[in-house]
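Shown next, in structure tokens, is the structure this report addresses.
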Amino acid sequence: MKAFVYVSLKRSVLDPQGKTIEGALRKMGYQGLQDVRQGKFFELTLDGGLDRAQAEAEVGRIARDVLTNPVIEEFRYSIEE
5 MKAFVYVSLK
15 RSVLDPQGKT
25 IEGALRKMGY
35 QGLQDVRQGK
45 FFELTLDGGL
55 DRAQAEAEVG
65 RIARDVLTNP
75 VIEEFRYSIE
85 E
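Count the sequence shown with the working numbering and you get residues 5 to 85, in order.
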């Protein structure tokens, strides 16, 4: 199984890197942008020792305890067989 974890700043937290990217894209002539937010992506390969429910619980725990700063970041994840 593989788990894909996406970590981003909470909407209530300013994202200066996202704003810089947005400004650069506008200067390069890209149109239709309303907002750019940046984040982190993690791909975790899980061994076969966990069933789906256990894998979801473990990935949630890893994301919450290690991959994010819960004060300023949020996460979501998906798991593929």
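Even for Gly, the Cβ is constructed at its ideal location relative to N, Cα and C. What you are looking at is a predicted structure, and each value in this text was computed from that prediction instead of being measured.
Taking the C-alpha atoms as reference points, what is the distance between residue i and residue j?
{"i": "S82", "j": "Y34", "result": "30 Å"}
{"i": "M32", "j": "A59", "result": "42 Å"}
{"i": "F46", "j": "V40", "result": "20 Å"}
{"i": "E26", "j": "R15", "result": "16 Å"}
For residue i, does the count of other Cβ atoms within 10 angstroms reach 16, so buried, or fall short, so exposed?
{"i": "F79", "result": "buried"}
{"i": "S12", "result": "buried"}
Could you have a look at residue i and say whether DSSP puts it in helix, strand or coil?
{"i": "E85", "result": "coil"}
{"i": "R41", "result": "coil"}
{"i": "L18", "result": "coil"}
{"i": "L29", "result": "helix"}
The alpha helix (DSSP H) with residue i in it runs from where to where?
{"i": "T72", "result": "T72 -> no alpha helix (DSSP H), and no H or E assigned at all."}
Note the first and the last residue of the continuous beta strand (DSSP E) segment covering residue i.
{"i": "K6", "result": "6-13"}
Return the residue from the list the options that minimises the CA-CA distance to residue i.
{"i": "G43", "options": "A28, L37, E77", "result": "E77"}
{"i": "L18", "options": "V75, D55, K6", "result": "V75"}
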